[in-house]
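Chains as they are written, first to last, in the numbering used here: chain A, 1 to 543; chain B, 1 to 110.
From the three backbone atoms N, C-alpha and C, an ideal C-beta is built for every residue, glycine too.
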Amino acid sequence: MSCSVDEPTMTTAEKRAKDRAVHAGFCCKCKTEKSTITIRYAEYCDPCFVFSLDSKFRTALRNARPHRVVNPENLMLAFSGGSCSRSLIHLFNVFHSLPPEVVSNKMHPKVYNEIHVCHIDESSLQEQDQEGLAELSTMGKAREIAESYNYRFHGVHIEDIYDPEWSDSKCFSAVATLVTSLPKDQLAISGQAPDLLSHLAPLPAVSRQDRITKLKALLAACTTLTCKETILSHFRSSLLFQLTKRANCDVLVLGDSATKVAIQIIGLTAIGRGFSLPLETTAISNWVPNCKVLRPLKDSLLKELDIYCRLQNLQTIEGHSADLAYTVQSKAEVKSISRLTEEFITGLDKDFPSTAATVCRTAAKLTAPEVLYQDRCPLCHGPVQKGVKEWKNRITVMTPPNATVEPAKPAGQADDGCCSSNDNSATCCSSGPSNGPSACSSTRQKVDDGDALPFSSMLCYGCLTNLRDLDLKSMGNLSGAEERSFELPPLVAEGIADRLGYKTVEEALAQSTKADPRESLRAQIQEFLIDDDSDGDEEDGQP
Amino acid sequence: MTMSESLAIELQFSGGMELLFDNKKTIHTKVPAHFRQGADSHAVTIRDLIGWMASHLLKERPELFIGPDGSVRSGILVLVNGADWELEGELEYELQDGDEIVFISTLHGG
Chain A
1 MSCSVDEPTM TTAEKRAKDR AVHAGFCCKC KTEKSTITIR YAEYCDPCFV
51 FSLDSKFRTA LRNARPHRVV NPENLMLAFS GGSCSRSLIH LFNVFHSLPP
101 EVVSNKMHPK VYNEIHVCHI DESSLQEQDQ EGLAELSTMG KAREIAESYN
151 YRFHGVHIED IYDPEWSDSK CFSAVATLVT SLPKDQLAIS GQAPDLLSHL
201 APLPAVSRQD RITKLKALLA ACTTLTCKET ILSHFRSSLL FQLTKRANCD
251 VLVLGDSATK VAIQIIGLTA IGRGFSLPLE TTAISNWVPN CKVLRPLKDS
301 LLKELDIYCR LQNLQTIEGH SADLAYTVQS KAEVKSISRL TEEFITGLDK
351 DFPSTAATVC RTAAKLTAPE VLYQDRCPLC HGPVQKGVKE WKNRITVMTP
401 PNATVEPAKP AGQADDGCCS SNDNSATCCS SGPSNGPSAC SSTRQKVDDG
451 DALPFSSMLC YGCLTNLRDL DLKSMGNLSG AEERSFELPP LVAEGIADRL
501 GYKTVEEALA QSTKADPRES LRAQIQEFLI DDDSDGDEED GQP
Chain B
1 MTMSESLAIE LQFSGGMELL FDNKKTIHTK VPAHFRQGAD SHAVTIRDLI
51 GWMASHLLKE RPELFIGPDG SVRSGILVLV NGADWELEGE LEYELQDGDE
101 IVFISTLHGG
């Protein structure tokens with residue numbers, strides 16, 4: 001056996017290891033400087049690290065745009081205040097800072113036209129009184145950072161989700177309230193998850209404080225931190241899309257790092273959002289019409305971006321994301337699925353630095369579902385699979401097999417003509433002032449058809465699962481007497497109306513509030529009606 | 001070198017870590033140069049520093065800073081004089097006078 005035979009049998013990994021051993025302690029790129037940073041076993045010196053991160057970013061951008069840029073697009077950078085989006089702004093600035101001879105060259109048109117920066121201020125959700133809020137506000141700092149790059153800044157508060165101005169049509173002044181299809185006393189024993197139905201109610205102009213109260217009321221109705229975080233993230237992304245569209249931008253750029261995407265992949269799968277997972281994690285997503293989503297930092301680890309911020313002296317905004325832990329009631333709720341997943345991924349990443357990249361690469365093989373945007377979920381605006389509710393009911397066991405309680409009888413079949421024969425029936429039957437005591441179930445059957453709009457049947461699987469954590473006691477039921485403690489924002493109400501084919505808020509409201517058909521009839525023929533009093537007046541006035 | 005000798009260390013916190021340390025971004029402190037372990041003593045390492053910080057400087061929620069193995073919680077980056085601590089021997093790095101140790105949290109906290 002000759003000596004040379006050994007050489008070719010070395011694997012690439014072994015060669016790299018040997019290479020590294022030779023240059024141990026030195027940068028793997030320049031091999032002359034002492035290494036200061038280690039990223040996934042590779043050691044870099046500071047300048048080489050900055051250069052490699054910049055190249056990675058440029059590669060990601062190049063892959064996302066056509067070979068020849070004919071119409072430069074407008075970009076909206078989503079800036080939360082954290083190290084990822086802070087790096088994103090700086091990297092774009094470096095990318096666009098061309099030498100003057102290139103800028104004046106007409107043969108090389110600009111790749112991107114305008115760059116805008118947007119920020120969602122979530123400080124109102126912090127545990128603070130009114131005076132402390134102004135101090136916590138992150139809007140000013142975000143504006144300062146964006147303007148230091150001469151980028152146009154757009155800011156919005158998270159509670160503005162309750163502002164009709166931020167609905168898709170900019171004027172959908174209605175909110176949605178939820179009702180359960182079963183009376184409260186039957187919820188626990190019914191043996192199946194209650195249907196959620198919705199009512200639309202007009203939303204008068206509300207002050208900022210009222211919006212905060214409304215948002216907090218909704219979060220208070222969620223019994224788990226996971227539910228709160230998920231709902232907030234839907235609102236956040238809805239606002240980001242609105243900001244992007246309103247600034248006439250074609251592309252929304254998110255600063256999601258590989259670590260964040262890996263956490264999302266596992267976390268979203270765990271909460272039942274696997275169907276829309278490709279849309280929420282791919283480098284380019286085209287789900288929302290006329291608004292592409294780009295994640296150019298998807299190949300960079302959180303560690304890289306944190307170090308980049310430090311090396312470039314980039315100021316981040318502390319406390320930029322609302323910590324909702326204070327809102328939870330018991331110690332057991334302090335963890336949410338995303339928090340646990342974060343710990344899981346970072347824990348694994350400590351010993352196996354390829355974890356995040358491996359998870360991302362695996363999920364990158366998923367393809368986006370072929371669903372029309374029109375059939376989106378009213379809550380998360382994601383794609384909906386058909387028949388999720390039936391499927392969920394089929395596979396869910398709500399009562400133990402040897403349960404002694406009888407499953408609830410369908411409405412109208414109860415023994416005594418009321419919703420249930422137990423002692424609590426009084427609560428149910430005393431519902432509406434106009435309903436007679438024995439008319440409960442029949443009334444319910446009637447309103448089931450006309451009054452309420454569907455809700456849970458329109459949701460995607462992820463939202464349907466998530467809303468199981470809503471406190472059912474905080475909703476009314478169809479008999480209508482109970483207090484409803486929260487409202488869903490105009491954007492959700494608009495989503496419901498949109499799916500049902502109502503074009504305007506008036507049409508949707510008319511449909512939703514036709515509880516008493518006589519009232520709407522009366523409204524229609526109002527001008528032809530002769531008022532009793534005026535009758536009298538006229539008679540009196542006649543000689 | 002006497003046992004009472006101490007080292008001047010600069011500690012920096014960012015990414016939310018400062019919230020655990022009385023909202024201070026930089027702390028100049030003196031740590032004992034030697035730590036006693038049983039009968040013998042050894043020069044102070046980062047492992048000792050982390051334990052010392054947890055008992056002397058940490059204001060709240062130690063579970064967000066220190067892990068069960070005496071190291072920092074996963075997701076916290078440590079830089080020693082601007083270099084990744086993985087290159088400096090991690091927990092076994094012996095502190096020198098005037099060292100700058102940076103703790104960056106990459107977690108959302110809680």
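Counted as a single uninterrupted DSSP element, the alpha helix (DSSP H) harbouring Gln209 of chain A occupies residues Arg208 to Ala221. The Cβ of Leu302 of chain A sits closer than 8 Å to at least one Cβ of chain B. Take Pro164 of chain A, set aside five residues on each side of it, and the residues of its chain with a beta-carbon closer than 7 Å to its own are Cys171, Phe172, Ser173, Leu203 and Pro490, in chain order. In the DSSP annotation of this structure, the continuous segment of the alpha helix (DSSP H) that includes Lys228 of chain A starts and ends at Leu225 to Arg246. Each residue's CA atom was taken as its position, placing Asp306 of chain A and Phe103 of chain B some 11 Å apart. Taking a beta-carbon distance threshold of 8 Å, Gly347 of chain A counts as an interface residue toward chain B.
Annotated three-state conformation of Thr362 of chain A is helix, per DSSP.
Under the 8 Å criterion on CB atoms, Glu86 of chain B is classed as interfacial with respect to chain A. In this chain, the alpha helix (DSSP H) harbouring Gln264 of chain A covers Ala258 to Ala270. Any Cβ of chain B closer than 8 Å to the Cβ of Arg310 of chain A would place that residue at the interface, and such an atom is present.
Across the segment 43-57 of chain A, CB contacts with chain B closer than 8 Å involve Glu43 and Asp46, in sequence order along the chain. Around the C-beta of Phe352 of chain A, fewer than 16 other C-beta atoms lie within 10 Å, and the residue is accordingly described as exposed. Contact note: Asp306 of chain A reaches chain B through Gly15, Leu77, Ile104 and Thr106, using a C-beta cutoff of 7 Å and chain order. Bridge partners of Tyr44 of chain A according to DSSP: A:Ile37. The Cβ atoms of Leu88 of chain A and Gly255 of chain A sit closer than 8 Å to each other. Residues of chain A whose Cβ lies closer than 7 Å to the Cβ of Gly70 of chain B do not exist, since the nearest Cβ in that chain is about 14 Å away. If you compare the alpha carbons of A:Phe26, A:Lys214 and A:Gly81 with that of Glu88 of chain B, the shortest gap goes to A:Phe26. A distance below 6 Å between beta-carbons, with the five flanking residues on each side excluded, links Trp166 of chain A to the following residues of its chain, in chain order: Asp160 and Gln242. Phe57 of chain A places its beta carbon 8 Å or farther from that of Cys118 of chain A.
Around the beta carbon of His28 of chain B, fewer than 16 other beta carbons lie within 10 angstroms, which makes this residue exposed. At a cut-off of 8 Å, the C-beta of Thr281 of chain A has no neighbouring C-beta in chain B.
Per the C-alpha coordinates, the member of A:Phe153, A:Asp250 and A:Asp195 positioned closest to Ala452 of chain A is A:Asp195. For Ala83 of chain B, the neighbours in chain A by C-beta distance under 7 Å run, in chain order, Thr36.
Not one beta carbon of chain A lies nearer than 8 Å to the beta carbon of Ser41 of chain B.
When the beta-carbon positions are compared, Tyr93 of chain B and Ile46 of chain B come within less than 8 Å of each other. Sorting A:Thr259, A:Ala64 and A:Ala221 by C-alpha distance to the C-alpha of Thr341 of chain A places A:Thr259 at the top.
With its beta carbon less than 8 Å from one in chain A, Ser74 of chain B belongs to the interface. By the C-beta density criterion, Ala497 of chain A is buried, having at least 16 other C-beta atoms within 10 angstroms. Taking a cut-off of 8 Å on C-beta distances, the segment 215-224 of chain A does not touch the segment 264-273 of chain A, as fewer than three cross pairs fall below it. The C-beta separation of Leu77 of chain B from Lys303 of chain A comes to about 6 Å, placing the pair in contact by the 8 Å criterion. For the segment 43-94 of chain A, the continuous beta strand (DSSP E) assignments of 3+ residues that do not extend past its boundaries occur at 73-78, in sequence order. For Arg361 of chain A and Val50 of chain A, the gap between their C-alpha atoms comes out near 23 Å. Burial is judged here by how many other beta carbons sit within 10 angstroms of a residue's own beta carbon; Lys110 of chain A has fewer than 16 and is exposed. Boundaries of the beta strand (DSSP E) around Cys118 of chain A: Tyr112 to Asp121. Gly155 of chain A: member of the beta strand (DSSP E) spanning Arg152 to His157, first to last residue. If you look at Thr180 of chain A, you'll find it in the beta strand (DSSP E) that goes Ala174 to Thr180.
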